[in-house]
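To get this note's numbering, take the position in the sequence shown, counting from 1, and add 109. Reading through the structure tokens given below for one structure.
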Amino acid sequence: MLTTRKASARVMTRRERRLRATPSLRRMVRETSVTADDFVYPLFVTHGREVRKPIGSMPGVFQLSVDEAVREAENAARVGVPSVLLFGIPAHKDPVGEENFAEDGIVQQAVRAIKHAVPEMVVVTDVCMCEYTDHGHCGILNMGGEQRAHASLPEGFLLNDETLEILDRVALSHAAAGADVVAPSGMIDGMVDSIRTALDTADFNNVAIMSYSVKYASSFYGPFRDAAEGAPKFGDRKTHQMDPGNAREALREAERDIEEGADFLMVKPALAYLDVIRMLRDRFEGYPIAAYNVSGEYSMIKAAAANGWMDEQKAVMETLTAIKRAGADVIISYHAKDVAEWLR
């Protein structure tokens, strides 16, 4: 027999479960909700027509020709996704990545086509060199043996200031094609200042900069490097990307980017660095913070769902909610279009 315990009931004046009793109540008091407006949708653009090449390590993600990228952007806009982030896969690679800043480069073509088809779409472009260089690194390298440019630096060391000159040219070419936002991703010292100066000098004052302010040397980028064909041919990127063990350094990096004129601060990857997102949110309250839900995070959920180990939709929504709850205003995610469809 159950007995009533009126005395206990009188003592328990607060019952947190009351507000969890029904789905409608839970929605009413939910502190963080993901919406389609939160998203930037990454696209990988390649040469050709009617190309939709699956990426084996990223189920549901494709290398797209410009016409297919336009179709994908139109479909994303139709379900409420406001922005795309373009990565280019060039026809030819060389030591400085010349297609990266060519007027008819693959990203430049895609920007023009998407802005023509979907004028309201915010087009963000990746400004880096790794997809375009024959060595797969994010800048100009100190090569040439005994004749290398900087004898005091080791063979293959990424040269910072020489790289800035190339990044300026890339950003200018993207702006000229119609990009709304350029996103320098190489963690090259001074990149925001250099690009901002170049853009303003060329009268592209309204082109914003979304800086990869805090980008860690992470193992979670593996599938992306398959997608973008940008894996380094030798070595790694630890001389310019951040050590995963560091958090206070992130504040220095972000503060410098603000001083140099960044319009957005970004943390990449997102899920393993929620503490860093929160640190930036607390320190830089007035600045938009983007977080990149990277390829490894995406593919882990896809693989687990394919094996029946978790519910894909629930896992995706929980992950993205955590990223937003940590303080992100903008979430770059390969799940973006799917989530926008789920939310309709």
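Note that the Cβ used here is the ideal one computed from N, Cα and C, for glycine as well.
How many angstroms separate the CA atom of His395 from the CA atom of Gly214? Strictly speaking, residue 395 in this sequence is Gly, with His absent from that position. Answer to the nearest angstrom: the Cα atoms are 35 angstroms apart.
Going by the CB atoms, is the gap between Asp146 and Asp203 shorter than 7 angstroms? no
With respect to the alpha helix (DSSP H) encompassing Leu383, which residues constitute its N-terminal and C-terminal limits? 383-392
Along the chain, where does the alpha helix (DSSP H) containing Arg139 start, and where does it finish? No alpha helix (DSSP H) holds Arg139; DSSP gives it neither H nor E.
Range covered by the alpha helix (DSSP H) that runs through Arg357: 357-369
List the DSSP bridge partners of Met426. Bridge partners of Met426: none, in fact.
Anyone know if the C-beta pair for Cys237 and Ser294 falls short of 7 angstroms? yes
State the DSSP-derived secondary structure class of Leu374, mapped to helix, strand or coil. strand
Just how far apart, CA to CA, sit Leu374 and Val120? 48 angstroms
With H, G and I counted as helix, E and B as strand and the rest as coil, what does DSSP make of Val188? coil
With distances taken between CB atoms, is the gap from Asp366 to Ser404 smaller than 7 angstroms? no
Buried or exposed (CB count within 10 angstroms, at least 16 for buried), Arg305: buried
Which of helix, strand or coil does DSSP assign to Ile304? helix
Rounded to the nearest angstrom, how far is the Cβ of Thr428 from that of Ile441, given a contact under 8 angstroms? Not confirmed; about 13 angstroms, so no contact.
Alpha carbon to alpha carbon, what distance is there between Leu452 and Met351? 35 angstroms
Is Tyr241 helix, strand or coil when you go by DSSP? coil
Helix, strand or coil for Leu281 per DSSP? helix
Outcome for Leu389 when other beta-carbon atoms lying within 10 angstroms are tallied against a minimum of 16: buried
Can you tell me whether Ala437 is helix, strand or coil according to DSSP? coil
Less than 7 angstroms between CB atoms is the rule here; does Thr155 satisfy it with respect to chain D? The chain labelled as chain D is not found in the depicted structure, where only one protein chain is given.
Report all residues from its chain with a CB closer than 7 angstroms to the CB of Asp298; omit the five preceding and five following residues, and keep chain order. Asn269
Tell me which residue opens and which closes the beta strand (DSSP E) that Asp235 is part of. 231-236
Flag this pair as yes or no: are the beta carbons of Ala185 and Lys446 separated by less than 7 angstroms? yes
Assuming Leu380 contacts Asn402 under a Cβ cut-off of 8 angstroms, what Cβ separation, rounded to an integer in Å, is found between them? 7 angstroms
Apart from the five residues on each side of it in sequence, which residues of its chain come closer than 7 angstroms, Cβ to Cβ, to Gln256? Confidence at Gln256 is low in this model, with a pLDDT of 47, below 50, so its placement is unreliable and no value can be given for it.
Grab me the residues of Phe313's own chain with a C-beta within less than 6 angstroms of its C-beta, minus the 5 sequence neighbours each way, in chain order. Ala284
Under 7 angstroms between the Cβ atoms of Leu267 and Ser303? no
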